[in-house]
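Chains as they are written, first to last, in our numbering: chain A, 1 to 331; chain B, 332 to 662. C-beta atoms are modelled at their ideal positions from N, C-alpha and C, and glycine is treated no differently. Reviewing the structure listed below.
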């Protein structure tokens with residue numbers, strides 16, 4: 001069997017990890033790489049990580065790379081917002097190449113960015129190719145998995161999704177990302193700057209609502225610190241009583257004035273348990289739980305790769321994880 | 332919005348329950364009904380259950396009904412095996428109508444019935460329509476849900492799926508179906524007759540294997556009694572020590588001599604816990620559990636109805652829950 005040829009756009013930490021994962025799969029190979037970072041242009045992928053190809057160099061010119069290597073699919077791991085990702089997607093789709101992206105807002109962009117979504121959709125249909133945004137969250141744990149679990153329900157009254165993570169054993173950058181160890185003032189400042197925010201909670205609610213046929217009146221997405229009630233000591237950091245141990249972000253979606261969707265994403269150093277949970281109040285009630293939770297770094301790279309086979313079979317247009325054929329690991 | 336028009340074929344207990352569920356949905360209506368049972372022919376659906384339409388009568392002539400009411404979709408709840416369901420499907424597909432069926436062997440028929448599968452697939456493609464087999468199990472708990480959970484894995488070593496049900500609170504017919512209260516000799520006899528078997532374990536293994544790209548060398552499907560270690564008293568029956576409390580059915584699938592898939596379906600009166608569990612050994616490990624389990628009666632009817640919207644959007648051909656767009660409850 002011929003390998004599926006992938007061009008990767010965005011060779012930051014996520015792109016590198018996806019490149020490693022691709023190199024472990026018999027059915028896939030990275031045949032081109034693009035990044036705008038002057039420090040990366042011209043480097044061989046093998047210079048970034050020993051698992052990666054020494055035959056592929058990083059180019060800054062996307063269209064040139066696509067013309068040259070004619071990949072089967074593009075994996076786009078650059079930015080999180082629709083405004084900046086749209087022209088990148090358009091450049092790829094114009095070459096007739098399908099796109100799998102980790103762009104969070106692309107996971108369900110129809111409500112937050114209807115015009116850009118329609119533009120991508122129209123172009124993809126014209127070019128007979130498909131585009132999807134995926135990842136572990138958004139893309140799976142708080143949207144496509146809960147939606148799929150409702151398949152066995154005759155009625156759904158309310159959907160509650162909880163993702164709790166103990167960050168004590170995660171890397172320092174992750175702990176800093178969630179504001180662990182910050183004073184509450186510093187936490188507020190990071191929150192105002194927008195650098196503490198998990199992107200995608202609103203998109204996840206809109207994904208679930210769309211699948212269930214609910215037209216939400218309103219959504220909210222609120223960020224608060226998880227405050228240490230006593231001093232916390234971990235291998236990688238100490239946190240003083242009263243400072244932030246991490247972040248709690250809650251999304252709520254209302255239908256006809258009733259709160260129908262509640263998503264809680266809490267990541268903190270010293271969080272007692274890590275788990276991912278879906279609670280469906282309905283007929284029947286369903287409570288599904290993944291003890292220990294799902295490791296976000298591995299899972300996002302894996303689901304991105306696992307979506308490649310499905311995007312090749314998907315209907316042309318801007319798709320979501322809710323309307324491409326069921327993804328799974330594949331060998 | 333126009334309602335989706337459904338013809339139901341098979342008005343036994345499952346067909347009646349699906350009819351009730353359809354009547355509760357704003358987006359669906361049953362516009363025709365077919366059954367070969369002489370006791371049912373000519374009866375109004377409302378004669379079978381008060382929730383059902385008094386405007387629809389049961390006909391024995393499928394093609395006539397399809398011609399007359401021109402439904403959007405047919406829901407087929409007649410038999411469990413490919414041999415007998417195939418001509419029924421062909422009759423519907425020849426009329427250009429998509430089919431959703433609870434036929435267990437249709438959930439993944441490609442390995443067990445390759446010729447019949449190819450025949451249905453070819454005809455459905457010619458007629459530009461789609462066919463899918465679904466249900467809670469097979470169709471969801473032991474195949475499409477576990478396959479979807481592997482989406483977040485970079486590697487899968489082994490898949491173990493457990494469905495345990497305490498039948499103490501289920502109806503008498505269900506308790507008898509699982510052999511509760513039988514002597515071990517009587518259990519053996521029912522097993523030999525084939526009336527104790529849960530149909531679909533092999534299909535579920537082949538579904539998972541196909542999604543993961545595994546070509547299994549062999550599968551087995553073994554049925555044994557769950558034996559009472561002491562006298563058991565329940566509201567609906569008493570079971571003597573040494574008699575059967577229920578059934579344990581184990582499916583195993585091997586790849587290159589290694590046991591890679593293990594499914595256990597155990598239903599017994601007095602089973603300590605009811606739950607549905609998926610354990611994926613891989614990168615990362617995933618252990619997902621639904622405490623209390625999923626009620627099979629409600630869930631099979633619900634997923635059948637929930638698949639209707641998706642079969643209308645599916646690619647033409649013989650499809651599975653693994654290659655139609657993600658199902659979910661919809662209002």
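Is the beta carbon of residue 113 of chain A less than 8 Å from the beta carbon of residue 105 of chain A? Yes.
Report the residues of the region 476 to 490 of chain B with a CB closer than 9 Å to any CB of chain A, ordered along the chain. Those residues of the region 476 to 490 of chain B that come within reach of chain A (Cβ to Cβ, closer than 9 Å) are 476, 477, 478, 479, 480, 481, 482, 483, 484, 485, 486, 487.
The region 164 to 171 of chain A touching the region 260 to 271 of chain A, judged by at least three CB pairs closer than 8 Å: Yes, the region 164 to 171 of chain A touches the region 260 to 271 of chain A.
Residue 273 of chain A touches chain B at which residues, Cβ-Cβ below 9 Å? None at all; the shortest Cβ gap to chain B is about 14 Å.
Could you tell me whether the Cβ of residue 163 of chain A comes closer than 8 Å to any Cβ of chain B? By this cut-off, residue 163 of chain A is not an interface position.
If you measure beta-carbon to beta-carbon, which residues of the region 275 to 291 of chain A are closer than 7 Å to chain B? Residues passing the 7 Å Cβ filter: 283, 284, 286, 287, 288, 289, 290, 291.
Separation of residue 572 of chain B from residue 136 of chain A, as counted between CA atoms: Computed Cα separation, rounded: 49 Å.
Rounded to a whole number of angstroms, what is the C-alpha to C-alpha distance between residue 237 of chain A and residue 245 of chain A? One C-alpha to the other measures close to 10 Å.
Using a Cβ-Cβ cut-off of 8 Å, state whether residue 381 of chain B counts as contacting chain A. By this cut-off, residue 381 of chain B is not an interface position.
Report the residue from B:607, B:455, B:390, B:581 whose alpha carbon sits nearest the alpha carbon of residue 648 of chain B. It is B:455.
Taking only beta-carbon positions, decide if residue 633 of chain B is within less than 8 Å of chain A. Residue 633 of chain B has a beta carbon lying within less than 8 Å of a beta carbon in chain A.
Examine chain A for any beta-carbon lying closer than 8 Å to the beta-carbon of residue 648 of chain B, and answer yes or no. Residue 648 of chain B is outside the set of residues whose beta carbon lies under 8 Å from a beta carbon in chain A.
Less than 8 Å between the CB atoms is what I'm expecting for residue 592 of chain B and residue 540 of chain B, so what's the real figure, rounded? Confirmed, Cβ separation roughly 7 Å.
In whole angstroms, give me the CA-to-CA distance for residue 130 of chain A and residue 211 of chain A. For residue 130 of chain A and residue 211 of chain A, the distance between alpha carbons rounds to 19 Å.
Answer with buried or exposed for residue 504 of chain B, where buried requires no fewer than 16 other C-beta atoms within 10 angstroms of its C-beta. Exposed: under 16 other Cβ atoms inside 10 Å.
Straight-line gap, residue 529 of chain B to residue 580 of chain B (C-alpha atoms, nearest Å): Rounded to the nearest angstrom, the two C-alpha atoms are 8 Å apart.
Once DSSP output is grouped into helix, strand and coil, what is the label at residue 291 of chain A? Under the three-state reduction of DSSP output, residue 291 of chain A falls in the strand class.
Just mark residue 602 of chain B as buried or exposed, buried being the case when its beta carbon has 16 or more other beta carbons within 10 Å. By the 10 Å Cβ count, residue 602 of chain B comes out buried.
Under 7 Å from the C-beta of residue 331 of chain A: neighbouring residues of chain B: Result: 543, 544, 545.
Within 10 Å of its beta-carbon, does residue 534 of chain B have 16 or more other beta-carbons around it, so buried, or fewer, so exposed? Classification of residue 534 of chain B: buried, given that the 10 Å Cβ count is 16 or more.
Three-state class that DSSP yields for residue 497 of chain B in the structure shown: In the structure shown, residue 497 of chain B sits in a strand (DSSP, three-state: E or B).
Given a limit of 8 Å on CB to CB distance, which residues of the region 347 to 376 of chain B reach chain E? Looking for chain E here will not work: the only protein chains present are A and B.
Work out the CA separation of residue 617 of chain B and residue 611 of chain B for me, nearest whole Å. Going from the Cα of residue 611 of chain B to the Cα of residue 617 of chain B covers about 5 Å.
Can you pull the DSSP bridge partners for residue 467 of chain B? Residue 467 of chain B pairs with nothing; no bridge assigned.
Coil, strand or helix - residue 325 of chain A by DSSP: In the three-state reduction of the DSSP assignment, residue 325 of chain A falls in the strand class, which pools E and B.
According to DSSP, simplified to helix, strand and coil, what is residue 645 of chain B? Secondary structure of residue 645 of chain B (DSSP, three-state): coil.
Can you say whether residue 171 of chain A is buried or exposed, counting buried as having 16 or more other CB atoms within 10 angstroms of its CB? Burial state of residue 171 of chain A is exposed, judged by a 10 Å Cβ sphere holding fewer than 16 other Cβ atoms.
Pairwise C-alpha distance: residue 99 of chain A and residue 71 of chain A: Taking the CA atoms as reference points, residue 71 of chain A sits about 11 Å from residue 99 of chain A.
Can you give me the Cβ contacts of residue 214 of chain A inside the same chain, cut-off strictly under 6 Å, excluding the 5 residues immediately before and after it? Result list for residue 214 of chain A: 255, in chain order.
Does residue 219 of chain A come within less than 8 Å of chain B when only Cβ atoms are used? The beta-carbon of residue 219 of chain A is placed no less than 8 Å from the nearest beta-carbon of chain B.
Range of the contiguous beta strand (DSSP E) that encloses residue 33 of chain A: If you look at residue 33 of chain A, you'll find it in the beta strand (DSSP E) that goes 28 to 34.
State the Cα-Cα distance for the pair residue 12 of chain A and residue 78 of chain A, rounded to the nearest angstrom. Looking at the two C-alpha atoms, the distance is approximately 8 Å.
Looking at residue 515 of chain B: is its Cβ nearer than 8 Å to the Cβ of residue 554 of chain B? In this structure, residue 554 of chain B does not lie closer than 8 Å to residue 515 of chain B by Cβ.
Taking 8 Å as the threshold (C-beta atoms), are residue 149 of chain A and residue 478 of chain B in contact? Result no, Cβ atoms of residue 478 of chain B and residue 149 of chain A do not sit closer than 8 Å.
Under a Cβ-count criterion, where at least 16 other Cβ atoms within 10 Å of its own Cβ denotes burial, should residue 317 of chain B be classed as buried or exposed? With chain B covering only 332 through 662, there is no way to say anything about residue 317 of chain B.
Need the endpoints of the beta strand (DSSP E) that residue 18 of chain A sits in, please. Judged by DSSP secondary structure, residue 18 of chain A falls outside any beta strand (DSSP E) and instead within the alpha helix (DSSP H) spanning 13 to 23.
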